[in-house]
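Let me begin by presenting the structure, written as structure tokens, before commenting on it.
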Amino acid sequence: DGHSEEARVKMALPPKAVGGKVSLKEAISFTPRHELHYSSPDEKHDELKKVGAQLAGAVVEWIRGEATFIDGSAHATFQEIARALNAYPEITLSLEGFTPRAGNLKNLEERELQKLSRARAEAVQSKLWDLGVVNDIVVDGLGSRGAQGKQHGFVTFVPTVDVVLKPAQPRLDFILNRRFFEFVPQSETFTEQGHRLADTVASVLKESTKKVLITCPKGSSQLA
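Letter by letter, the sequence shown follows residues 5 to 228 in our numbering.
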């Protein structure tokens, strides 16, 4: 028909519509890891599995709207998801996007549906990274496969919890190798990202009885 695949997908989406909304089967709640310090390894893994089950109940659904737009009302729920992931950075999260052949999208080819579903999974990935998540996150666009009977596109969360829990120091090293303390330029004030990282680091430090040294470079860019 003369249109590119990307143009066909864009034309099929209704303009000025609501984007992705996130829902949970149950509210995310867990015991802070420093409170599990004296718990057995089995008890600690039971808590990890509990967090994984709660994350697995999360779904981001596109009632209608642009491929990559996350609705603002979803922010608070995403913050809860990010808090759980940052408590357990060992979890690997898979985001699987689905787009049923329905409504305005019924005439799209499967490769176009796969591209759209992957774009939506990547939007969720970006949202979590913006909230300071350090976990490994992989995305996949499955198109209409597995979306039979659905009327709207959606992204599911598939956490891997069969992992070895890191002690405080290795976990802190893992986090700080992936994130840095971000400041407002030419000030000692944290940005929002900086505050999130400080909260994550503080929660890890509560598990350690040893002193920790945090160093800053002697010099930095004039733009810093």
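Note that CB positions come from ideal geometry on N, CA and C, so glycine has one too.
Coarse secondary structure for residue i, derived from DSSP in three states
| i | result |
| --- | --- |
| D75 | coil |
| E126 | helix |
| G145 | strand |
| S98 | strand |
| E39 | helix |
| V64 | strand |
| A106 | coil |
| S121 | helix |
| F34 | coil |
| L112 | coil |
| G56 | helix |
| D140 | coil |
| P45 | helix |
| L135 | coil |
Buried or exposed by the 16-neighbour rule on C-beta atoms within 10 Å, applied to residue i
| i | result |
| --- | --- |
| S44 | exposed |
| V128 | buried |
| S148 | buried |
| F184 | exposed |
| P104 | buried |
| G107 | exposed |
| A88 | buried |
| G101 | buried |
| E51 | buried |
| G153 | exposed |
| Q58 | buried |
| A206 | exposed |
| R175 | buried |
| V188 | exposed |
| T193 | exposed |
Endpoints, the beta strand (DSSP E) within which residue i is located
| i | result |
| --- | --- |
| S27 | G24 to S27 |
Note down, one range per segment and in chain order, each beta strand (DSSP E) of at least 3 residues found wholly within the region 151 to 215.
Entirely contained in the region 151 to 215, the beta strand (DSSP E) runs reaching 3 residues are, in chain order, 157 to 164.
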